[in-house]
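Have a look at the structure below before the remarks.
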Amino acid sequence: MALPPATTPGPAAAPRLRLSWGAVVPGLLLLAALAFPVLFRLPYHRDVVIKLYLYAMLAQAWNILAGYCGQVSLGHAVFFGTGAYASSVLQTAWGGNPWVGLAVGVVIAVALSQVIGYPCFRLRGHYFAIATIAVGEIVHTLAINWEFIGGARGLTLPIRPDALADFQFATAKYPYYYIILSLLILCLLVSWRIERTRLGYYLRAIKEDADAAQSVGVPITKYKLIAMAVSAAFVAAGGTFYAQYVLYIDPDSVLPLNLSILICVLAVIGGVGTLWGPLVGAAVLIPLSEFTRVKFGGTGSAVDLLVYGALLTLVAVFQPTGLVGLVQRLRRR
Amino acid sequence: MLSLPSAEVLVQGVLNGVLMGCIYALIAAGLSLIFGLMEIVNFAHGEFLMLGMYTAFWMYTLFALDPLLSVPICGATLFGLGWLTHKGIIRRILGAPMLAQIFATFGLGIFLRALAQFLWTPDFRQVSNPWIQGPVRILGISVGLPQLVSSLASLLAFGFLYWFITRTETGAALEATAEDRQAAALMGIDTERMFSLGWGIGSACVGVAGAFLAMFFYVFPYVGSLFALLAYVIVALGGFGSVQGSLAAGIIVGVIEVVGGLLIAPAFKYVAVFLLYLIVVLIRPQGLFGKF
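Chains as they are written, first to last, in this note's numbering: chain A, 787 to 1119; chain C, 7 to 298.
Right, here's the structure in full:
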């Protein structure tokens, strides 16, 4: 191979990949994922995997904006909270349907992403990252002090019998599993499409050198906004899912800076800017965090964060392409 | 909703804001120095501050050393930490993509915070009986003595920093390295050493600030996050790399915080600060005093 693509798989590498990995591995993974609830019947196991899919989906959505387009958002919890609150308030205040709430949440989050993105995209690099932290903290504080949406006490959703129409499956649980799996697959498919279309090339051009991209005629703000909208839509859907799954939300569970951070950590450790990175990151770290929580008890001792932090620094310094990049490097040997 | 506070309360609030602003400015100056030198934001800056505060707290608890006396110890400890951070991490990511640069220090911050919680529990600690405590009255306005002393000391440290950068040979070498890395290297300046020194001094700033903060603020693993957030805002407001800009911006933020809290509601004081920041960087992305 004359030209090894550094961070992004170029079109030259695609045909060979498609034969070996590209079709077989995702197919097997999908089969395993579909069969999982049949094989594992303990609620605990299902809960861990549901969380894994949820966070993988969030990290995947973040990756569209940060990984492909290079705009590091440290405020993605805003969109998660938007989705969670939109559907919950719709139900508690007006007796609406959660599926309608999901759609409403996505629409509001997309609108919000444009309102936040349009001014903030004038900022480059570190400045943009800091601005998104500020936006996240503003929204968090507003939610704590907004009595209509429950303030700091949060919102408890009315518990209903299991029904698809009500988006509640408290006794069976497995429908939650298939819903979040579908969302994850949809998000992966969208990322996959983006990688292979003009949009994906534009985004990566903006990431590599925004000025150069602009000078050859890429409308950079427009494409950043598109990436942000797609990203926000999926994260908001994840927020609605979380609210329906846990049936209780408050600003500290759906809007904290820590959630925004966790989303990035998963994507970066797995492999930022790659299709499989966020899923790999979640598949490694979410069970690890559950394990340490069981082993060391609660989050009080912060063992999971200790590991996350150390891994994040090590990956950033020694393996910037993440676990996926590491595997690719080993395979090339 | 808007209720106007009395003139006396407002004056007192503004004065307190100015005092806190001086301390914020010292914290932000360290961040700004590092950014100006190598265009890297230290996302673990708040955690460095937290370690500075814990150093002062443990010196007091274990050796009965007042925070005022442990100022040099905290400064030196953090200088060492900053130096090591550059040697161990930053040196390796200078040419790396922005994502790697952000997450290298970001991960360090998460790690240090979790380490503090793991070693010393999430409890809120406090230096129970420091030498300097209680309020004083100046011209009929009541201010906290620790705040007053801390802000004066911060100004002193600030003056020292300014003197060091503008009047000493090493400071000139630092400035030259910040201006143009390659040209400085051609002039025989050991830029590698300058970077380490910059990280050391930048971190020593929060060590000093931490010792003073420990006199009147609770010490806990997450204490750095709030101050770091304000420091980013101050640095962006003042202009990245502009040490003087941080002083002006620090005081502005201190005042906005208090006045915003008085005019709207205490819960919204940081909303006022962050909104001001967003408005300023949108109008002037380089900050109030930034050159680029």
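Yeah, the Cβ is synthetic: ideal placement off N, Cα and C, and Gly gets one too.
Pull up the distance between the alpha-carbon of residue i and that of residue j, whole angstroms please.
i       : j       : result
A799/A  : Y841/A  : Confidence is the limiting factor: at A799/A the pLDDT is only 47, short of 50, which leaves the residue's position unreliable, though a coordinate-based value still follows. Roughly 29 Å between the two C-alpha positions.
P947/A  : G887/A  : 18 Å
S248/C  : V77/C   : 25 Å
R119/C  : L284/C  : 27 Å
W1062/A : C211/C  : 42 Å
A299/C  : Y60/C   : No answer is possible for residue 299/C: the residues shown for chain C start at 7 and end at 298.
Q1080/A : A122/C  : One detail in the question is off: residue 1080/A reads as Val in this sequence, not Gln. Using only the alpha carbons, I get a separation of about 21 Å.
L803/A  : I930/A  : For L803/A, the predicted structure reports a pLDDT of 48, less than 50, and the residue's modelled location is therefore unreliable. A value from the coordinates is still provided. Those two C-alpha atoms are separated by around 49 Å.
Y995/A  : T1107/A : Per the sequence shown, residue 995/A should be read as Asp rather than Tyr. In a straight line, the C-alpha of D995/A is about 18 Å away from that of T1107/A.
I902/A  : A951/A  : 33 Å
R187/C  : Q250/C  : 22 Å
L816/A  : G937/A  : 41 Å
V261/C  : F953/A  : 48 Å
E923/A  : N1044/A : 11 Å
E14/C   : A178/C  : 45 Å
T197/C  : A182/C  : 9 Å
L161/C  : C28/C   : 6 Å
D997/A  : A50/C   : 29 Å
G36/C   : M44/C   : 13 Å
T957/A  : P944/A  : 15 Å
A184/C  : L100/C  : 14 Å
A1015/A : W89/C   : 41 Å
V875/A  : N883/A  : 10 Å
T172/C  : L219/C  : 27 Å
G146/C  : S157/C  : 19 Å
A845/A  : V811/A  : 21 Å
G244/C  : A254/C  : 7 Å
Tell me whether the beta-carbon of residue i lies closer than 8 Å to the beta-carbon of residue j.
i       : j       : result
T1078/A : F117/C  : no
W55/C   : F233/C  : Note on residue identity: the sequence assigns Leu, not Trp, to residue 55/C. Against a cut-off of 8 Å, the Cβ pair of F233/C and L55/C comes out as a contact.
L972/A  : T918/A  : no
I33/C   : A237/C  : yes
V1066/A : G1059/A : no
V1040/A : F866/A  : yes
M843/A  : L1033/A : no
P141/C  : S134/C  : no
I980/A  : Y854/A  : yes
L909/A  : V47/C   : no
V239/C  : V279/C  : yes
L750/A  : T927/A  : With chain A represented from 787 up to 1119, any question about residue 750/A goes unanswered, as that position is not in the structure.
H92/C   : F166/C  : no
Y1031/A : I935/A  : no
How should residue i be labelled, buried or exposed, when 16 other C-beta atoms within 10 angstroms of its C-beta is the threshold for buried?
i      : result
L57/C  : buried
A847/A : buried
S968/A : exposed
L30/C  : In the sequence under discussion, the amino acid at residue 30/C is Tyr, which differs from the Leu named in the question. Looking at its Cβ environment, which holds 16 or more other Cβ atoms inside 10 Å, Y30/C is buried.
G94/C  : exposed
V824/A : exposed
I258/C : buried
A949/A : exposed
V921/A : buried
G2/C   : Residue 2/C falls outside the range modelled here, since chain C spans only 7 to 298, and no answer is possible.
L941/A : buried
L21/C  : buried
I992/A : buried
P801/A : Its pLDDT being 49, under 50, P801/A is placed unreliably by the model, and nothing is read from it.
H831/A : exposed
W169/C : exposed
F109/C : buried
Taking 8 Å as the CB-CB limit, is residue i close to chain E?
i      : result
F226/C : Looking at the structure shown, chain E is missing, and the protein chains on hand are A and C.
Just by C-beta distance, which residues in the region 231–259 of chain C are closer than 9 Å to chain A? Cβ contacts with chain A: S231, L235, Y238, V239, V241, A242 and F246.
Alpha helix (DSSP H) runs wholly inside the region 985–1021 of chain A, at least 4 long, in chain order: If we require 4 residues or more, the alpha helix (DSSP H) runs fully inside the region 985–1021 of chain A come out as 996–1001.
What residues from the region 901–921 of chain A come within 9 Å of chain C, judged by C-beta to C-beta, listed N to C? P905, C906, R908, L909, R910, G911, H912, Y913, A915, I916, A917, I919, A920 and V921
For the region 1093–1117 of chain A, which residues have a beta carbon sitting closer than 8 Å to at least one beta carbon of chain C? Y1094, G1095, A1096, L1097, L1098, T1099, L1100, V1101, A1102, V1103, F1104 and P1106
Interface residues of the region 84–103 of chain C facing chain A [CB-CB below 8 Å]: I95, R98, I99, A102 and P103
Along the region 1066–1082 of chain A, where does the CB come closer than 8 Å to a CB of chain C? Name the residues. none
Entirely within the region 932–982 of chain A and at least 4 residues each: give me those alpha helix (DSSP H) ranges in chain order. Every alpha helix (DSSP H) stretch that sits fully inside the region 932–982 of chain A and reaches 4 residues is listed by chain position as 960–982.
Scan the region 262–293 of chain C for residues whose Cβ lies nearer than 8 Å to a Cβ of chain A and list them as they occur along the chain. Correct list: A271, A273, F274, Y276, V277, F280, L281, Y283, L284, V287, L288 and P291.
Can you list the alpha helix (DSSP H) stretches of 4 or more residues lying completely in the region 801–849 of chain A, in chain order? 809–825 and 829–849
Short-range partners of chain A found in the region 123–151 of chain C, where Cβ spacing is below 7 Å: Q123, F124 and P128
Name the residues in the region 874–887 of chain A whose C-beta lies less than 8 Å from a C-beta of chain C; which are they? Within the region 874–887 of chain A, no residue qualifies.
In chain order, which beta strand (DSSP E) runs of at least 3 residues are fully inside the region 96–145 of chain C? If only complete runs of 3 or more residues are kept, the region 96–145 of chain C shows the beta strand (DSSP E) at 141–144, in order along the chain.
Give the residues from the region 190–222 of chain C that approach chain A closer than 7 Å (Cβ to any Cβ), ordered along the chain. none
Going along the region 44–57 of chain C in order, which residues come within less than 7 Å of chain A, judged by CB to CB distance? For the region 44–57 of chain C, the beta-carbon criterion of a distance under 7 Å to any beta-carbon of chain A is satisfied by V47.
Short-range partners of chain C found in the region 841–872 of chain A, where Cβ spacing is below 9 Å: A852, G853, G856, V858 and L860
Could you name the residues of the region 1004–1028 of chain A whose beta carbon sits closer than 8 Å to any beta carbon of chain C, in the order they occur along the chain? Taking 8 Å as the Cβ-Cβ cut-off against chain C, none of the residues of the region 1004–1028 of chain A qualify.
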